[in-house]
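Numbering (UniProt numbering), first residue to last: 1 to 301. Glycine included, each C-beta is placed from N, C-alpha and C at the ideal position. Keep in mind that this is a model prediction, so the values were computed, not measured. Read the structure below first, then the notes.
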């Protein structure tokens with residue numbers, strides 16, 4: 001029986017070119033093995049992520065579809081996905097373009113490119129029809145992230161999606177009574193979050209979903225993003241990780257030149273940060289517990 005790596009190399013040889021060389025790279029998320037391949041006659045090197053466990057299957061699948069959705073916007077440098085396969089007994093693999101990441105691009109250009117990505121016509125027809133979600137469930141870090149499409153469209157559909165499939169999902173994982181009580185206070189104070197969105201028309205934008213400093217780079221001086229937890233949602237939700245993305249005034253000026261700031265943004269930013277602080281609590285514990293409680297108290301004021 002062939003191994004996962006053998007199967008991936010067979011696909012490479014038949015579809016992209018004869019293997020000229022290969023070398024191991026640092027392990028990826030969840031312990032995935034990463035190997036860089038140089039192929040004869042190919043326009044680029046490729047990276048193959050492999051796992052001998054079915055546990056990373058959803059992570060690989062979500063990354064593949066996420067990268068394709070981000071790349072389709074045409075505004076950012078995003079690695080091209082060549083193939084995903086989960087049919088191998090005992091594992092799965094993902095093949096994508098290798099890129100030389102270095103530093104960061106000009107912050108103003110990065111801001112404009114992110115805004116253009118958020119304003120782009122979605123790749124998936126459900127999102128083009130106004131629905132929120134994604135074609136597959138994926139992961140944010142190691143946490144499962146449910147993405148089933150909303151039945152409806154518009155701001156009310158988004159509020160329900162974020163309330164139930166983002167905050168509600170994280171609270172169910174946390175299983176903490178005090179957090180649950182504080183969240184009930186938030187819902188009571190905001191009419192189920194509806195008042196946070198007064199006067200705002202929410203439309204689906206493709207979101208990276210986990211945009212922190214480690215997932216931002218430059219390729220030949222151009223803004224690049226990778227390793228997404230992608231879905232279609234309110235463009236403001238992208239900035240729930242701004243607290244660890246090192247975004248400065250020049251970035252925001254570039255972004256706002258394309259997508260102006262809507263009324264009530266600052267309060268909604270607290271809501272969107274809450275999702276990621278809850279996720280960090282579920283992943284790492286520690287001080288994120290009190291961070292999340294503090295954000296909920298602020299929303300309930």
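Boundaries of the alpha helix (DSSP H) in which residue 108 is found, first to last residue: Along the chain shown, read from residue 1 onward, the residue named residue 108 stands at position 108. Per DSSP, residue 108 belongs to the alpha helix (DSSP H) from 107-119.
For a test of the three-state rule: what should DSSP assign to residue 151, helix, strand or coil? Along the chain shown, one-based indexing puts residue 151 at 151. Coil at residue 151, not helix or strand.
When we look at the beta-carbon of residue 249 and count the other beta-carbons within 10 Å, is it buried (16 or more) or exposed? Within the chain shown, residue 249 is the residue found at index 249, counting from 1. The residue in question, residue 249, is exposed, as its Cβ has fewer than 16 Cβ neighbours within 10 Å.
Can you tell me which residues form a DSSP beta bridge with residue 167? Your numbering for residue 167 matches position 167 in the chain shown. Its beta-bridge partners do not exist; DSSP assigns none.
Neighbourhood of residue 201 by C-beta, 8 angstroms cutoff - its chain only, sequence neighbours within 5 removed: Here residue 201 refers to the residue found at position 201 of the chain shown. Hits under 8 angstroms: 154, 155.
Answer yes or no: do residue 149 and residue 134 have a C-beta to C-beta separation smaller than 9 angstroms? As a working mapping, residue 149 is identified with position 149 in the chain shown. As a working mapping, residue 134 is identified with position 134 in the chain shown. Going by C-beta atoms, residue 149 is nearer than 9 angstroms to residue 134.
If I'm right that residue 118 touches residue 205 with Cβ under 8 angstroms, what's the distance once you round it to whole angstroms? As a first step, residue 118 must be located in the chain shown, where it is residue number 118. As a first step, residue 205 must be located in the chain shown, where it is residue number 205. The Cβ separation is near 4 angstroms, so the contact holds.
Cβ separation of residue 92 and residue 51, assumed to be a contact under 8 angstroms, to the nearest whole Å: Here residue 92 is taken as the residue at index 92 of the chain shown, counted from 1. Here residue 51 is taken as the residue at index 51 of the chain shown, counted from 1. Going by Cβ atoms, the distance from residue 92 to residue 51 rounds to 6 angstroms, so yes, they are a contact pair.
Please state the DSSP three-state secondary structure of residue 97. Taking the first residue of the chain shown as position 1, residue 97 is located at position 97. If DSSP states are grouped into helix, strand and coil, residue 97 belongs with the strands.
Going straight from the alpha carbon of residue 137 to that of residue 279, what length do you get? Translated into positions along the chain shown, residue 137 becomes position 137. Translated into positions along the chain shown, residue 279 becomes position 279. The straight-line gap from Cα to Cα measures roughly 16 angstroms.
Residue 15, buried or exposed, once every other Cβ within 10 Å from all chains shown has been counted against 16: Working through the chain shown from its first residue, we reach residue 15 at position 15. Burial call: exposed.
Residue 68, DSSP secondary structure in three states: Numbered from 1 along the chain shown, position 68 holds the residue referred to as residue 68. Reduced to three states, the DSSP call for residue 68 is helix.
Burial state of residue 217 (16 or more Cβ within 10 Å): On the chain shown, residue 217 is found 217 positions in, with the first residue counted as 1. That one is buried.
Contact under 9 angstroms by Cβ, residue 20 with residue 27: Position 20 of the chain shown, counting from 1, holds the residue named residue 20. Position 27 of the chain shown, counting from 1, holds the residue named residue 27. Going by C-beta atoms, residue 20 is not nearer than 9 angstroms to residue 27.
So the candidates are 80, 262, 221, 152; which of them puts its Cα closest to the Cα of residue 113? On the chain shown, residue 113 is found 113 positions in, with the first residue counted as 1. For residue 113, the nearest C-alpha among the options comes from 221.
Ignore the nearest five residues each way along the sequence and tell me which others in residue 86's own chain have a CB closer than 6 angstroms to its CB. The count along the chain shown starts at 1 and reaches residue 86 at position 86. The residues are 57, 92.
In terms of residue numbering, what span does the beta strand (DSSP E) encompassing residue 204 cover? Numbered from its first residue, the chain shown carries residue 204 at position 204. First-last for residue 204: undefined, no H or E at that position.
Following a CB-centred definition, is residue 266 positioned closer than 8 angstroms to any heavy atom of the ligand GDP? Inclusion of the ligand GDP in the displayed structure is not the case, the ligand content being empty and no account of it being possible.
Following the continuous beta strand (DSSP E) through residue 198, name the residue where it begins and the one where it ends. Counting from 1 along the chain shown, the entry for residue 198 is found at position 198. It is not in any beta strand (DSSP E) - residue 198 carries neither H nor E in the DSSP assignment.
Quick check: residue 235 and residue 70, are their CB atoms within less than 9 angstroms of each other? Locating residue 235 in the chain shown gives position 235, where the first residue counts as 1. Locating residue 70 in the chain shown gives position 70, where the first residue counts as 1. No; because the gap between Cβ atoms is not below 9 angstroms, this pair is not in contact.
My guess is that residue 185 and residue 300 are in contact by the Cβ rule of under 8 angstroms, so how many angstroms apart are they, rounded? As a first step, residue 185 must be located in the chain shown, where it is residue number 185. As a first step, residue 300 must be located in the chain shown, where it is residue number 300. 4 angstroms between Cβ atoms; contact.
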